[in-house]
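Number of protein chains: 2
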Amino acid sequence: MHKKIGRLTLPSEEHFLEQTKEVMEKLGADALRDSDGTKLPDEVKDLDAKIYTTYFVARGDNAFAKAHMDECQHFYLMTEHHTAIGENICIPLMKGYFAEQVKVDDDHDPKRWWEVIDRTTKEVVPVTHWKWDKQKGQVVIEAAEPFHQYTVSFLAYAIWDPTQMYNHITNDWGDKEHEIPFDVRKKEASVHVEKVLEQWLKDNPKTDIVRFTTFFYHFTLVFNDEGKEKFVDWFGYSGSVSVEAMEAFEKEYGYALRPEDIVDEGYYNSTYRIPTKAYLDYIEFQQKFVSRKAKRLVDMVHKAGKEAVMFLGDNWIGTEPYGRYFKDIGLDGVVGSVGDGVTLRIIADIPDVKFREGRFLPYFFPDTFYPGNDPVIEAKRNWTTARRAMVRRPLDRIGYGGYLSLAYQFPEFIDYIARVADEFREIYDKIADETPYSSMKVAVLNCWGELRSWQPYTVAHGKWYHLAYSYMGLMEALSGMDVQVSFINFEDVKRGIDPAIDVIINAGDAYTAFSGGEAFAQEKVVAELRRFVYEGGGFIGVGEPSAFQREGKFFQLSDILGVDKEVGFSQSHNKYHDKQSDSHFVTEEIGGNLDFGRGMPCIYALSEDTKILNYKDHTVNLAVHDYGRGRGAYISGMPYSLENTRMLKRLLHHVSHREDSLKRYYARDCRVEVVGFPERGELLVLNNSGDKVKTEVYGREKTYTADLEPNGIVWLKEE
Amino acid sequence: MHKKIGRLTLPSEEHFLEQTKEVMEKLGADALRDSDGTKLPDEVKDLDAKIYTTYFVARGDNAFAKAHMDECQHFYLMTEHHTAIGENICIPLMKGYFAEQVKVDDDHDPKRWWEVIDRTTKEVVPVTHWKWDKQKGQVVIEAAEPFHQYTVSFLAYAIWDPTQMYNHITNDWGDKEHEIPFDVRKKEASVHVEKVLEQWLKDNPKTDIVRFTTFFYHFTLVFNDEGKEKFVDWFGYSGSVSVEAMEAFEKEYGYALRPEDIVDEGYYNSTYRIPTKAYLDYIEFQQKFVSRKAKRLVDMVHKAGKEAVMFLGDNWIGTEPYGRYFKDIGLDGVVGSVGDGVTLRIIADIPDVKFREGRFLPYFFPDTFYPGNDPVIEAKRNWTTARRAMVRRPLDRIGYGGYLSLAYQFPEFIDYIARVADEFREIYDKIADETPYSSMKVAVLNCWGELRSWQPYTVAHGKWYHLAYSYMGLMEALSGMDVQVSFINFEDVKRGIDPAIDVIINAGDAYTAFSGGEAFAQEKVVAELRRFVYEGGGFIGVGEPSAFQREGKFFQLSDILGVDKEVGFSQSHNKYHDKQSDSHFVTEEIGGNLDFGRGMPCIYALSEDTKILNYKDHTVNLAVHDYGRGRGAYISGMPYSLENTRMLKRLLHHVSHREDSLKRYYARDCRVEVVGFPERGELLVLNNSGDKVKTEVYGREKTYTADLEPNGIVWLKEE
């Protein structure tokens, strides 16, 4: 086979020209980039490669920032809950916050822009009942109710860019200047950023692609008074607020936001919260602004004959690549970090750009590239996990970041990623010819729907959370499965479920945005879902699906699921149905290795009509249940594993009455998955494990035997 | 020591006179009773003993019952939730119910007394939209909303007494006639029961004590269509309803109850449900009725020169021994079954009777008394567990039940219970002289308060429940501790917490009556509790104390507890405080044997001010936290064990700042407890374990050494 080149971005740096050429050659790279801490020298920029240059819009320009401290970015922050002992209570605003990151803004009238709330009564304390003691940095409430709890929500200047702050503190950058983020919604900054970009475009003729890192507002990352992370929310809009934004919102939407709409009892509208109308309006409002303003920058880039890509991270707030306004920005591409199948799909599925590029792991940094460590291990895990998603929906490009000079010292690593690059290009080209076979359409139902496609359960990008991992596994399993996945919300359900959908999945903890909470108290939602299943659809619930305590049920769709959760009230009812079925289509060929994660206590079957496939420690972990012409199913939790993935695949076929088509593009061994190209009559067989595997493989109709190297792939021509 | 006699009731039976005398002599029994399935012959009744005779008021008189089927008892029952597919839906009322136990009552106008509810909208379906198809036994809803769920609540005759039904089916009594319960609220039955009792009192001159088993209404016990238990609720009033009761209620309370007030979404007002005003009114209404009517019977007994006791069980509904109307009945005593310390205290603490008698285990039945089995094992476990409660609040009498002839075949058992009887009398007499030392006053706070003293968490009496055992252990530990325990509800808190209380305990799952749910959204409740603790009180939360999702907190008293539960919304907030303190007053001398039962996931400390005493699997199991001059504490769950009991004892001293008085009437070894009689200068040392134990024992001031036999006790005179 002719060796393909391209579709690969590498980092480079100063004093590394020859080696850069050597590695580019070896890997078939066609683009070079700078990284955090590196700059590309001219001689590198002159190589036969597209040059990406990182560009920061709203930080890294302290001369401007310092001259315009009134155009600094803002947070809405909330204090802790303080309990009043007597009738006076003093609430120090900065307690628990990092003075190097945030600074109380009392330049804008506190009485107008702050909010003091009696959390015991939910009432806003009248402004006449409190005062701001600037000297002591505290709000003093007079005539407080003893033993009530109070909070203050206040505006604060953001005086240190969170990413720079993180890197600065982590890498001990000492007295290196703190980059102050400025707000492009403000008058001077708005003009300034365009002026600066214009000049920059002139000054950087050798840059082919401007890599925006990113636009205007950073996801929420707030440090505490010890200079450690206090809270972090990948989706958080808390750092996008300003008096100007609040005023513009009121003008545009016809009503004023309260600080409470942003601080949200201190939860800051975590994606686990069921979003309020005000918050949905606010993030739409910011998307519109970000899209309008970013478009102006992108247009300038285009006018300069360059391409514009954005980095999906850092200051990405308001871009919402799955939102309605993203396409208006006019970006050429998106670049993001790929840690697994889900993070690959987050990037790969983004619509309305010409290319999507994934930055693979490991980053070429000394935490991995040190003597005695084998960086191939992480690279292999990363590639193998992401690959199964790649074969369903490929990225257009891949890349790496960091110090190339560091990776260069690990020739086995360079060899390995050369093979990855080849494998990637091979897969890419095949899929460009023919979209692989998909067995069905699956929709994931939660409060966020399409807007947060592939993004459910994320708190901080790439981090493990106890309450998330048993749901994240579901996403990860789907990311590489031969199904078309869409994300829908309850409004989509109420408008009438798309008849093309075969299976709906609802997965999450009770009362969170992912299970849906009060949505299940809406008759249109439950009736539509029941109709969908009754008429032949499949419905899979994970964790506490459709949970909302109401009218004798905890799971409002327990009639579909065949199970409910005992929360105490029906303990007096005998629960007779706890016999596990010995064998069932769903659990065939998997063995006993199912892992339900943190688990869900007290799930019980409603009747003998529910087939229990796993029962342990007084709880149902896996069950299926016929409902009209359709089927429901319940899974207590689903961390990612090859066995769980196989179980989900079989369950999808079961609930959609597609048992007959299971063994089409399928491997008997659950470590192996198959991608089918029926038109071409070709199969791509993936070994997702580090074991050597020999297994039966099913094509469109015939059966083959595949012999796979650890983590290997094999192409089979159908006879 | 002179051997004491009395305070002991034994069963006897026919053809067993001499052996009865022999056992009575040996055990020092002063009373004899009949049992289920036995009658006392005249020659036994002539022995020198008080004679108890079991008396059933509202069953066992089928001649009357059959002649007055319109005065049969009633249930309000609810069907399952049925999903409408089209616009018509038929709901068969008897589906899942046992035709031998219940029969639909359509003699009273269904349109007036039944309720069809659209559970999807919560609306009552207008009576014009449904009809009762008597032929098919189903309610037919016309113009149903497709894919809504419907239930029918209907009146049903109770045609088989639940206790007799249970025994009948369990013991396979074949065609033995079913006893039909009749309702003394009805005209004929009301007169009849008095007439029958009058005659019975004449016919039973040798009876000294009439043992009512019990009065009028059985706790809820409903069987399914396979003749097996469907639901059981020791506190259930569902079997006390009737058209007459509903009408009388409306007259007395000025508003009409709905069937829904009784069936309660199908939960039938389980004690785990937060009681509604209507339900509290209803049970008060029935208590008043039961008390009035029972008083008439008790008065007749007294007039006949006999004593009246009630059995705490079976038809005990409406008596509520801790309620406001119980004393009006005028009973001489209460008899109940003792399985452990809690069930002992349920009986022992009942106010306003002359004596309280506990029936100990094992019951002399063939399930325990069979060749090869050693009934002493159960007896010893039962006595040792109950004894630690007995020494705090003694019963006035103990007793046994069943076939004496069966127990007689186990002479070692007879010897053992002879020792139990002696030990009981010895303890009783000492406590009659002087109330033992108590270290503090502890109040258990829930929605039920005093009315259900010692009864929280019970579903079916004496049965283990997954959601109950981690709280039941708390009750059990308290039952034998040297603290005065009271039970308070949220109204008591709102009226102002009794200043004599040292520690308040709130224990239960979220949104149940035991934790309190929305009570914690009431400012008066939280403010009073905060004030109580701030001013020096102790507060211990178990499980999900003060849980109610509101204003940024899940545990509304997290400020006192020092912990909250992560339910998803604040995952973005870093949780740094997970270090377990290596040593602390609370966990000293216990070792690593604490058992937190089913556990509670995702409990985290709010700050470093919270001292974590046990942290495991990402959750805080035990923590303490200073709050003003008082202290809060958290326990994730507390099954009963000697170690947990000791931990609770130490925790109570810690949160009430009584560390200094811990070692007063205290033993170093946690298998041992000490009862102090400071006036007399005497200690009673209990070995609660089956091990031989030698331990240091602390008196009022001095330290002793006690050498204890397995399960043994030792009296020590203070020097």
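Chains A and B supply the protein sequences, listed in that same order.
Count the first sequence with this note's numbering and you get residues 228 to 946, in order.
Count the second sequence with this note's numbering and you get residues 228 to 946, in order.
Virtual Cβ for every residue (Gly too), placed ideally from N, Cα, C.
All figures in this text were calculated on a predicted structure; none of them were measured in a lab.
R583 of chain A places its beta carbon 8 Å or farther from that of D526 of chain A. K349 of chain B has a beta carbon lying within less than 8 Å of a beta carbon in chain A.
With 16 or more other CB atoms across the displayed protein chains lying within 10 angstroms of its CB, H419 of chain B is buried. Of the candidates B:Y377, B:V790 and B:V902, the residue whose Cα lies closest to the Cα of R858 of chain B is B:V790.
Chain B places a beta carbon closer than 8 Å to that of K457 of chain A, counting this residue as a contact. Under the Cβ criterion of 8 Å, R758 of chain A is counted among the residues facing chain B.
Chain B places a beta carbon closer than 8 Å to that of I312 of chain A, counting this residue as a contact. Using a 10 angstroms sphere on the CB of D656 of chain A, the tally of other CB atoms stays under 16, which defines it as exposed.
Look at the region 795 to 807 of chain A: the residues with a C-beta under 9 Å from a C-beta of chain B are G795, F796, S797, Q798, S799, H800, N801 and Y803.
Counting along the chain, W675 of chain B sits inside no beta strand (DSSP E), nor does DSSP assign it H or E at all. Taking a contact as a CB-CB distance under 8 Å, the pair H308 of chain B and Q365 of chain B does not count as one, their CB atoms being some 15 Å apart. Among the residues of the region 351 to 384 of chain B, those with a Cβ less than 8 Å away from any Cβ of chain A are E372, P373, F374, H375, Q376 and T378, in the order of the chain. Per DSSP, the continuous alpha helix (DSSP H) segment holding A616 of chain B begins and ends at P602 to M617.
DSSP lists B:N733 and B:Y861 as the beta-bridge partner residues of G768 of chain B.
D660 of chain A has no beta-bridge partner at all, per DSSP.
For secondary structure counted as the alpha helix (DSSP H) over 4 or more consecutive residues, the region 468 to 505 of chain A holds these complete runs in sequence order: 470 to 480 and 486 to 490. In the three-state scheme derived from DSSP, where H, G and I count as helix and E and B as strand, M321 of chain A is classed as coil. Residue-level contact by beta carbon fails for R523 of chain B and chain A, as no gap is shorter than 8 Å. The C-alpha of A850 of chain B is placed about 16 Å away from the C-alpha of R873 of chain B. Sequence-distant Cβ neighbours of F741 of chain A in its own chain, meaning closer than 6 Å and more than five residues away, are N673, P683 and G735.
Residue burial is scored here from C-beta neighbours: Q783 of chain A has at least 16 other C-beta atoms within 10 angstroms and is therefore classed as buried.
The residues I839, L840, N841 and Y842, in chain order, have a CB closer than 8 Å to that of Q807 of chain A in the same chain once the five nearest residues on each side in sequence are set aside. Residue A:F766 holds the alpha-carbon nearest to the alpha-carbon of K668 of chain A among A:F766, A:K413 and A:A648. In terms of beta-carbon proximity, T685 of chain B stays away from the interface with chain A, with every pair separated by 8 Å or more. Contact annotation: G560 of chain B and R619 of chain B have beta-carbon atoms that are not nearer than 8 Å. Per the C-alpha coordinates, the member of B:T265, B:G264, B:E314 and B:V271 positioned closest to Q246 of chain B is B:V271. In this structure, F904 of chain A lies near E661 of chain A, with their beta-carbon atoms less than 8 Å apart. Taking all protein chains in view, the Cβ of M296 of chain B is surrounded by fewer than 16 other Cβ atoms within 10 Å, so the residue is classified as exposed. Proximity to G764 of chain A across A:R286, A:H884 and A:V470 peaks at A:H884, based on C-alpha coordinates. For the region 745 to 756 of chain B, residues whose beta-carbon sits nearer than 7 Å to a beta-carbon of chain A comprise E750, V753 and A754.
Residue burial annotation: K520 of chain A is buried, with at least 16 other C-beta atoms found within 10 angstroms of its C-beta.
For V603 of chain B and D594 of chain B, the gap between their C-alpha atoms comes out near 14 Å. Counting other Cβ atoms within 10 Å of its Cβ, A370 of chain B stays below 16 and is therefore classed as exposed. Identification of chain A residues near H308 of chain B by a Cβ-Cβ cut-off of 9 Å yields E778, G779, K780, S785 and D786, ordered along the chain. Between P866 of chain A and the set A:H880, A:K607, A:F409 and A:N820, the nearest pair of CA atoms involves A:N820. Separation of K581 of chain A and G287 of chain A (C-alpha to C-alpha, rounded to the nearest whole angstrom) is 29 Å.
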